[in-house]
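**Q** Pasting in a structure now, in structure tokens, and then I'll have a few things to ask.
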Amino acid sequence: MSISLEQMKWMYATMVKIRYYEETMVTAYAEGKSPVFNIGAGPVPGEMHLAAGQEPAAVGICAHLRKEDTVTAPHRPHHHAIAKGVDLKRMTAEIFGKQSGLGKGKGGHMHLFDPEVKFSCGGIVAAGIPHAVGAALAAKMKKKDWVAVAFVGEGAANSGAFHESLNLAAVWKLPLIVVIEDNAYGISVPKKVSTAVASNVERAKGYGIPGFSVRDNDPREMYQISEQAVRHARNGEGPVLIEIETYRYLGHFQGDPELYREKNELNKLHEKDPVIRLKSLLESEGVVASDIAQLEAQVRKEVDEAYDFARKSEYPTIEEALLDVFE
Amino acid sequence: MSISLEQMKWMYATMVKIRYYEETMVTAYAEGKSPVFNIGAGPVPGEMHLAAGQEPAAVGICAHLRKEDTVTAPHRPHHHAIAKGVDLKRMTAEIFGKQSGLGKGKGGHMHLFDPEVKFSCGGIVAAGIPHAVGAALAAKMKKKDWVAVAFVGEGAANSGAFHESLNLAAVWKLPLIVVIEDNAYGISVPKKVSTAVASNVERAKGYGIPGFSVRDNDPREMYQISEQAVRHARNGEGPVLIEIETYRYLGHFQGDPELYREKNELNKLHEKDPVIRLKSLLESEGVVASDIAQLEAQVRKEVDEAYDFARKSEYPTIEEALLDVFE
Amino acid sequence: MSTSIGKRLLTGNKALAEAIALEMERDDHVFVMGEDVGVYGGIFGATEGLFAKFGAERVRDTPISETGFIGAAIGAAAEGMRPIVELMFVDFFGVCMDQIYNHMAKIHYMSGGHVKLPMVLMTAVGGGYSDAAQHSQTLYATFAHMPGLKVVAPATPYDLKGMMIAAIRDDNPVIFMFHKTLQGLGWMDQLDYSIGVVPEGSYTVPLGQAKVVREGTDVTIVGIQMMMHRAVEAAKQLEAEGIQAEVIDLRSLVPLDKETILDSVRKTHRLLVVDEDYLSYGMTAEIAAVVAQEALYDLEVPIARLAVPDVPIPYSRPLEQAIIPSVEAIFTAARQLVQM
Amino acid sequence: MSTSIGKRLLTGNKALAEAIALEMERDDHVFVMGEDVGVYGGIFGATEGLFAKFGAERVRDTPISETGFIGAAIGAAAEGMRPIVELMFVDFFGVCMDQIYNHMAKIHYMSGGHVKLPMVLMTAVGGGYSDAAQHSQTLYATFAHMPGLKVVAPATPYDLKGMMIAAIRDDNPVIFMFHKTLQGLGWMDQLDYSIGVVPEGSYTVPLGQAKVVREGTDVTIVGIQMMMHRAVEAAKQLEAEGIQAEVIDLRSLVPLDKETILDSVRKTHRLLVVDEDYLSYGMTAEIAAVVAQEALYDLEVPIARLAVPDVPIPYSRPLEQAIIPSVEAIFTAARQLVQM
Ligand SMILES: Cc1ncc(C[n+]2csc(CCOP(=O)(O)OP(=O)(O)O)c2C)c(N)n1
Ligand SMILES: Cc1ncc(C[n+]2csc(CCOP(=O)(O)OP(=O)(O)O)c2C)c(N)n1
Ligand SMILES: [Mg+2]
Ligand SMILES: [Mg+2]
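Protein chains in written order, with the UniProt record's numbering: chain P, 1 to 327; chain D, 1 to 327; chain V, 1 to 340; chain R, 1 to 340.
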């Protein structure tokens with residue numbers, strides 16, 4: 001259960017890619033929204049939920065996934081999409097509402113669909129879990145050893161869809177892994193105000209399935225526990241629940257006044273930044289600074305190119321609005 | 001935690017009342033439905049879910065309830081209604097669709113509302129649990145020591161409403177008791193096909209609340225555990241979950257071909273009949289046969305009178321159909 | 001498309017189950033999920049015999065978790081399976097409407113057409129047998145109002161089979177409503193039209209085509225499922241009075257076959273729309289509006305609408321019978337239109 | 001009922017929050033529940049300042065458990081409380097529609113009038129700011145189609161306050177829809193009509209009354225919320241062309257004020273209905289149908305309907321702007337009617 005250097009590098013590079021992607025989005029999203037913030041203005045309008053700080057959840061498990069494995073993500077989906085290998089250019093174009101986007105601009109940031117790598121997401125809390133159950137069922141019925149991973153926030157664990165999905169997957173022994181990203185809040189509501197138990201891992205018992213807890217946003221621990229979880233599911237032993245304590249650096253969405261948390265809290269989180277921690281790990285494994293810098297430069301370039309592609313792409317023509325309702 | 005003789009007699013009499021009520025309903029429901037069974041025909045049309053065999057759940061806990069405590073019940077509600085003290089005449093008239101019914105004939109057997117004793121029920125699986133949460137919340141906000149009890153079947157424990165309600169009641173520390181009547185089936189689906197854990201008491205842990213199990217449909221054990229549960233809730237210590245293993249003697253609804261279970265199963269259940277068991281207990285406590293017979297006669301009379309009232313009542317006039325949509 | 005019609009009579013439920021069986025034989029990806037669809041054969045018999053034929057893997061009894069299993073059908077369909085999922089009564093839609101409305105209906109569009117959801121959600125509708133407010137609705141308009149779903153409601157065993165096969169083969173999500181009392185079940189009211197001639201093999205009836213089931217020149221009556229049958233009964237009585245009513249079986253709410261309706265109204269100049277759903281903001285409104293938009297000058301008299309008068313379905317028999325449009329009510333309303 | 005109108009200007013959200021505060025002060029039984037209604041003040045500001053004023057007991061942040069807490073509101077209302085419960089976006093209705101449709105709407109009727117549910121479910125509707133298919137709907141007709149609920153959708157700060165007070169005092173369950181872009185929030189498009197004169201004290205605006213917001217003789221335009229405001233803009237442009245459009249703000253979908261509409265159509269003989277909801281089986285259909293039933297002979301030209309053309313709301317700005325009826329589209333449609 002040790003991580004190979006290759007894997008560690010992939011994780012690091014992917015985390016940097018995600019972080020840089022989100023930081024770039026902060027800027028792109030802000031364009032056209034000053035001096036007066038207007039959610040509908042600028043090249044990237046609408047709600048924007050960013051995942052800077054939450055990279056470990058996504059990379060730790062996606063490191064064990066194949067193209068044929070399914071991932072469903074919630075309203076905060078960029079890190080999962082990037083870790084699963086969604087086409088970065090078309091994803092970004094989608095977020096910019098362009099015809100070259102994954103959904104021809106019809107979906108937007110909460111609705112990214114890339115069937116090539118079996119990725120999807122959606123804007124309704126917990127609604128993606130049943131879809132992952134269905135993907136897991138399809139895998140089983142097709143007699144493939146594919147698994148399905150559903151990512152949700154800790155707030156989602158209080159919704160009915162969570163419960164129904166885990167019970168269903170457990171009675172049918174499906175290859176499902178539910179990853180709860182506990183970033184301490186559902187919008188403004190702290191976990192202890194919304195959730196009757198300190199750890200959602202307690203709830204795994206109610207479905208007779210294994211539950212794992214990853215503390216302190218640790219990418220390496222997430223990797224290791226995910227390895228067990230994916231193996232369990234792939235071997236046909238049924239579903240697994242993982243809850244990872246993670247950090248949300250930015251607001252719930254861009255523009256969130258964040259009156260519900262102290263700025264101090266954020267400083268403390270930044271001190272434990274998982275990207276920095278993984279970088280130290282790489283260094284301690286003897287990876288030289290120039291190699292690390294090269295990794296970083298490479299993924300930044302990819303991200304820059306994706307944004308560039310998105311910006312240069314055309315908007316759909318308005319006739320497009322009427323297409324794709326039916327086959 | 002011992003049962004007083006008075007309480008034991010109340011429980012016995014109420015169980016007999018329920019049993020006799022349901023047996024009478026079997027006959028009344030069958031009227032007008034032969035030689036060809038037609039669900040819409042006869043004095044009691046529509047679906048009919050009877051609870052013969054499931055008496056202990058209802059009487060064991062209602063023995064500890066006051067008029068001000070709320071009970072919500074599911075589609076199989078007669079035993080709960082009777083144990084909570086719903087007006088038997090108006091309840092029966094409702095089931096016969098008469099103007100003198102609890103709901104002027106508009107509700108029917110699955111929709112009995114008696115605000116006098118704070119009883120309600122409904123035809124959607126698990127949907128009554130949130131209502132009980134709300135009643136418990138109202139009690140708390142009004143600073144009363146009232147409790148709310150939600151009855152559901154074991155099948156209902158797999159629905160989202162169950163999960164959301166228990167979590168909500170637990171985070172708000174509400175005086176809610178959820179009683180799961182495990183009668184082994186949700187219509188034709190056995191518990192092990194629908195439920196990932198053998199006992200739903202496991203699920204209480206996921207809400208950090210106490211969970212109790214009552215084995216073998218035992219009315220005395222149900223009484224005793226309910227006493228603890230009601231005290232816990234009434235004291236402001238939050239919700240409680242109870243699961244009782246119980247027996248459904250009749251089909252899921254009248255007319256159920258019951259191809260999914262062996263007749264043999266029923267014989268075994270009848271051997272352990274809770275009414276007979278409680279009667280033996282009364283006898284062993286020295287209650288003489290004539291006293292028991294008197295109790296029985298009394299409740300039978302009440303039931304007969306209720307059916308009589310229902311039959312003699314008038315149907316609503318058709319103008320009534322348009323009333324009561326709004327205040 | 002249809003093969004030669006034999007003389008075999010089937011009930012609605014057997015026609016449906018046969019359609020599913022044929023498609024399950026033809027295509028490994030087709031499977032069924034729902035509460036009591038297995039040994040029980042579906043509460044309204046839509047899956048009768050399938051469990052014995054195909055086993056528990058392809059005919060899956062589910063927990064009472066409609067969000068879970070309808071969502072799972074969506075997830076499975078996205079992976080190329082072709083699930084048929086049963087929502088036992090349409091009245092239960094509210095526990096799983098998010099999956100239906102926000103996902104099943106929209107994913108194809110939101111993905112720019114890249115994700116297909118070839119699935120059928122079948123569900124029992126209709127009242128008339130005293131099943132009260134939470135088990136008697138049709139909710140036609142609730143489903144038809146949302147873009148992204150085909151919504152069909154066949155009324156005869158022939159159409160039930162042909163439209164189910166078409167629905168299973170359709171690459172779009174389809175809401176397939178069958179009417180409980182048209183299933184021809186042994187424990188319900190025995191209606192003649194719940195049994196009909198059904199050919200043995202595979203055939204399809206296209207989704208989205210209304211059918212003129214009775215020709216007439218004096219008034220057009222549009223109905224669907226039970227109301228269509230009642231309209232035909234009413235038309236027979238009207239004929240006795242010398243009134244020739246044309247009756248249209250809508251069959252599909254989405255796509256809506258406007259042309260068949262407009263053609264008829266252009267001929268009869270009078271329109272009565274009959275619905276077992278609630279009156280306001282319902283199917284009767286849509287049909288009336290389409291005609292008021294596209295054939296206004298053809299109307300000789302105001303449009304008439306007959307539906308459940310905006311009350312929940314009452315339990316008590318006389319009340320329920322009073323609020324669901326009856327043959328007599330249809331007859332009277334149609335005659336009134338003609339005599340105006 | 002209204003007190004003397006002062007000169008104080010409030011945004012929509014502050015008008016709403018003030019209404020709730022006044023009622024909470026007046027009546028201990030009134031309380032608020034919902035996601036982020038506490039410290040956050042409601043995502044769309046409808047509960048701004050209430051948490052500071054009334055504390056966590058009466059302004060309750062909930063888990064993401066809409067079935068749980070909306071069901072709890074029903075249970076609390078049955079016990080005599082008067083809950084105001086927020087469903088953050090109307091688009092999320094599908095996770096809790098059973099509680100709304102089968103219980104909140106029906107219990108009063110099923111109980112023969114013996115159980116009252118004095119509760120308000122308030123929810124944010126509307127698009128236009130690129131929030132895509134699951135966060136931009138209005139779903140007016142989805143709610144208006146079910147009997148047992150009053151469904152209102154005020155468009156001005158004055159009405160938001162007055163109708164909210166009326167809704168809280170109403171003994172029936174009320175669905176109270178507020179339009180996101182009419183809340184006057186600092187982070188949204190700044191529209192003039194999201195700010196308006198609102199008197200300080202308590203007043204009510206009755207539920208169920210439409211309002212003629214602009215008189216005219218040539219064509220009637222019926223709209224609600226944002227579409228009403230756009231209709232008024234269009235009417236101004238029409239005036240420049242010599243066309244006098246009468247604009248009706250529907251305000252309530254249920255009860256529906258038919259008379260105000262019919263009176264107008266009897267005067268103008270032309271009807272355009274505009275809706276931010278989906279076209280088919282929607283509000284435009286109901287209004288059209290009512291007129292085709294009750295004022296057919298008054299119509300000089302076919303009824304026109306303008307609404308979201310049966311597609312999910314697309315994310316991309318040009319697409320979304322194209323499918324939500326614009327001032328120009330209303331202008332053109334109305335002019336066409338008059339020139340017919
Ligand atoms: C069913 C539903 N309810 C409410 C919302 C509004 N909403 C969007 S994100 C969110 C908070 C989610 O919290 P969590 O699951 O912890 O995820 P996080 O945002 O923290 O990543 C809420 C309430 C929604 N989208 N869907
Ligand atoms: C949401 C919902 N789904 C399905 C049904 C149909 N249905 C009615 S009772 C029932 C079985 C309930 O099983 P359980 O909870 O164990 O109660 P029991 O009937 O055994 O008393 C089902 C599936 C329903 N009424 N509501
Ligand atoms: Mg969170
Ligand atoms: Mg059961």
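The beta-carbon is built from N, C-alpha and C at its ideal position, and this holds for glycine as well.
This structure is a prediction, so every number in the text was calculated from the model and none was measured.
Looking at residue 33 (chain V): is its Cβ nearer than 8 Å to the Cβ of residue 78 (chain V)?
**A** Sequence index remark: in the third sequence, residue 33 (chain V) carries index 33 (1-based). Sequence index remark: in the third sequence, residue 78 (chain V) carries index 78 (1-based). It is not a contact, given that the beta carbons lie outside the stated cut-off.
**Q** With three or more C-beta pairs closer than 8 Å as the rule, is the stretch 10-18 of chain D touching the stretch 292-300 of chain D?
**A** The stretch 292-300 of chain D is in contact with the stretch 10-18 of chain D.
**Q** Any beta-carbon of chain R closer than 8 Å to the one on residue 167 (chain D)?
**A** In the second sequence, the residue the question calls residue 167 (chain D) occupies position 167. True, the Cβ-Cβ gap to chain R drops below 8 Å.
**Q** Which residues share a DSSP beta bridge with residue 305 (chain V)?
**A** Within the third sequence, numbered from 1, the residue matching residue 305 (chain V) stands at position 305. Per DSSP, V:273.
**Q** Look at the alpha carbon of residue 197 (chain R) and the alpha carbon of residue 292 (chain R), and state the distance between them as a whole number of angstroms.
**A** Locating residue 197 (chain R) in the fourth sequence gives position 197, where the first residue counts as 1. Locating residue 292 (chain R) in the fourth sequence gives position 292, where the first residue counts as 1. Approximately 37 Å between the Cα atoms of the pair.
**Q** Would you mind listing the beta strand (DSSP E) stretches within the stretch 143-178 of chain R that are 3+ residues and don't spill past its ends, in chain order?
**A** List check, beta strand (DSSP E) in window: 150-152.
**Q** Residue 130 (chain P) versus chain V: which residues are under 8 Å apart at the beta carbon?
**A** Your numbering for residue 130 (chain P) matches position 130 in the first sequence. Result: 67, 68, 69, 70, 71, 72, 74, 75 and 99.
**Q** Quick one: using the 10 Å Cβ neighbour count with 16 as the cut-off for buried, is residue 317 (chain D) buried or exposed?
**A** For the purposes of this step, residue 317 (chain D) is taken as the residue at position 317 of the second sequence. Exposed.
**Q** I'd like to confirm something about residue 183 (chain P): is its beta-carbon nearer than 7 Å to some heavy atom of ligand 1, or not?
**A** In the first sequence, counting from the first residue as 1, residue 183 (chain P) sits at position 183. Checking the Cβ of residue 183 (chain P) against ligand 1 gives yes.
**Q** Quick check: residue 347 (chain R) and residue 220 (chain R), are their CB atoms within less than 8 Å of each other?
**A** Outside the displayed range of chain R (1 to 340) lies residue 347 (chain R), so it cannot be described from this structure.
**Q** Would you tell me roughly how many angstroms separate the C-alpha atoms of residue 162 (chain R) and residue 202 (chain R), rounded to the nearest one?
**A** The residue you call residue 162 (chain R) lines up with position 162 of the fourth sequence. The residue you call residue 202 (chain R) lines up with position 202 of the fourth sequence. Between residue 162 (chain R) and residue 202 (chain R), the C-alpha separation is close to 8 Å.
**Q** What are the residues that DSSP puts in a beta bridge with residue 122 (chain R)?
**A** Indexing the fourth sequence from 1 puts residue 122 (chain R) at position 122. Paired residues: R:86 and R:176.
**Q** Whose CA, out of D:100, D:118, D:284 and D:117, lies closest to the CA of residue 112 (chain R)?
**A** Along the fourth sequence, one-based indexing puts residue 112 (chain R) at 112. If we check each option's Cα against that of residue 112 (chain R), D:100 comes out closest.
**Q** May I have the straight-line CA-CA distance separating residue 228 (chain R) from residue 204 (chain R), to the nearest angstrom?
**A** Within the fourth sequence, numbered from 1, the residue matching residue 228 (chain R) stands at position 228. Within the fourth sequence, numbered from 1, the residue matching residue 204 (chain R) stands at position 204. Looking at the two C-alpha atoms, the distance is approximately 21 Å.
**Q** If we ignore side chains and look at the alpha-carbon of each, how far apart do residue 7 (chain R) and residue 141 (chain D) end up?
**A** As a first step, residue 7 (chain R) is located in the fourth sequence; it is residue number 7 there, counting from the start. As a first step, residue 141 (chain D) is located in the second sequence; it is residue number 141 there, counting from the start. Near 38 Å, if we compare the C-alpha coordinates of residue 141 (chain D) and residue 7 (chain R).
**Q** Over the uninterrupted alpha helix (DSSP H) stretch that includes residue 148 (chain P), give me the two end residues.
**A** Residue numbering aside, residue 148 (chain P) sits at position 148 when the first sequence is read from its first letter. Careful: residue 148 (chain P) lies outside any alpha helix (DSSP H), inside the beta strand (DSSP E) at 148-153.
**Q** What are the complete beta strand (DSSP E) segments, minimum 3 residues, inside the stretch 98-175 of chain P?
**A** Listed in chain order, they are 119-121 and 148-153.
**Q** What residues from the stretch 84-98 of chain R come within 7 Å of chain D, judged by C-beta to C-beta, listed N to C?
**A** Against chain D - using a Cβ distance shorter than 7 Å - the residues of the stretch 84-98 of chain R are 98.
**Q** Residue 34 (chain R) lies in the alpha helix (DSSP H); which residues open and close that run?
**A** By 1-based counting over the fourth sequence, the position of residue 34 (chain R) is 34. It is not in any alpha helix (DSSP H) - residue 34 (chain R) instead sits in the beta strand (DSSP E) that spans 30-34.
**Q** Which residues in chain V have a C-beta closer than 7 Å to the C-beta of residue 305 (chain R)? List them in chain order.
**A** Residue 305 (chain R) sits at position 305 when you count from the first residue of the fourth sequence. Those within 7 Å of residue 305 (chain R) in chain V are 289 and 293.
**Q** Can you give, in chain order, each stretch of the alpha helix (DSSP H) that sits fully within the stretch 203-237 of chain P and has at least 4 residues?
**A** Counting only runs of 4 or more, we get 219-234.
**Q** Could you tell me the distance, in whole angstroms, from the CA atom of residue 307 (chain P) to the CA atom of residue 128 (chain P)?
**A** Position 307 of the first sequence, counting from 1, holds the residue named residue 307 (chain P). Position 128 of the first sequence, counting from 1, holds the residue named residue 128 (chain P). Cα-Cα distance, rounded: 27 Å.
**Q** Taking the CB atoms as reference points, tell me whether residue 188 (chain P) and residue 260 (chain P) lie closer together than 8 Å.
**A** One-based indexing of the first sequence puts residue 188 (chain P) at position 188. One-based indexing of the first sequence puts residue 260 (chain P) at position 260. Their beta carbons are under 8 Å apart, which means residue 188 (chain P) touches residue 260 (chain P) by this criterion.
**Q** Find the residues of chain V that neighbour residue 114 (chain R), judging by a C-beta separation of less than 8 Å, and give them in chain order.
**A** Within the fourth sequence, residue 114 (chain R) is the residue found at index 114, counting from 1. The premise fails here: residue 114 (chain R) is roughly 15 Å from chain V at the closest Cβ pair, so nothing lies under 8 Å.
**Q** Looking at the structure shown, is residue 65 (chain D) part of a helix, part of a strand, or coil, going by DSSP?
**A** Within the second sequence, numbered from 1, the residue matching residue 65 (chain D) stands at position 65. Residue state, collapsed to three classes: coil.
**Q** Is it buried or exposed, residue 5 (chain P), if we count other Cβ atoms within 10 angstroms and call 16 or more buried?
**A** What you label residue 5 (chain P) is simply residue 5 of the first sequence in a count that begins at 1. Exposed.
**Q** Is it the case that the stretch 10-27 of chain R contacts the stretch 260-277 of chain V, given that we only count it when at least three CB pairs across the two stretches are under 8 Å?
**A** No, the stretch 260-277 of chain V does not touch the stretch 10-27 of chain R.
**Q** Is the beta carbon of residue 97 (chain P) within less than 7 Å of some heavy atom of ligand 4?
**A** To locate residue 97 (chain P), count along the first sequence from 1; it is residue 97. Checking the Cβ of residue 97 (chain P) against ligand 4 gives no.
**Q** Are residue 132 (chain R) and residue 313 (chain R) touching if we call contact CB-CB under 8 Å?
**A** The residue given as residue 132 (chain R) occupies position 132 in the fourth sequence. The residue given as residue 313 (chain R) occupies position 313 in the fourth sequence. Cβ distance < 8 Å, so residue 132 (chain R) and residue 313 (chain R) count as in contact.
**Q** Look up residue 31 (chain D) in the DSSP assignment and say whether it is helix, strand or coil.
**A** As a working mapping, residue 31 (chain D) is identified with position 31 in the second sequence. In this structure, residue 31 (chain D) counts as coil in the three-state DSSP scheme.
**Q** Are there any heavy atoms of ligand 2 lying less than 7 Å away from the beta-carbon of residue 245 (chain D), as far as the coordinates show?
**A** Translated into the one-based positions of the second sequence, residue 245 (chain D) becomes position 245. Residue 245 (chain D) Cβ: outside cutoff for every heavy atom of ligand 2.
**Q** How is residue 252 (chain R) classed by DSSP in three states: helix, strand or coil?
**A** By one-based count along the fourth sequence, residue 252 (chain R) stands at place 252. The answer is strand: DSSP assigns residue 252 (chain R) an E or B state.
**Q** Between the stretch 130-158 of chain V and chain P, which residues of the former have a C-beta closer than 8 Å to a C-beta of the latter?
**A** So the list reads 147, 148 and 150, given in the order they occur along the chain.
**Q** Do residue 152 (chain D) and residue 135 (chain D) count as a contact pair if the criterion is CB distance below 8 Å?
**A** As a first step, residue 135 (chain D) is located in the second sequence; it is residue number 135 there, counting from the start. As a first step, residue 152 (chain D) is located in the second sequence; it is residue number 152 there, counting from the start. No, they are not a contact pair.
**Q** With a threshold of 8 Å between beta carbons, is residue 27 (chain D) in contact with chain P?
**A** Within the second sequence, residue 27 (chain D) is the residue found at index 27, counting from 1. Chain P, which has no Cβ nearer than 8 Å to the Cβ of residue 27 (chain D), makes this no.
**Q** Give me the chain D residues within the contact set of residue 352 (chain R), using Cβ-Cβ distance strictly less than 7 Å, ordered along the chain.
**A** Any property of residue 352 (chain R) remains undetermined from this structure, which presents chain R solely from 1 to 340.
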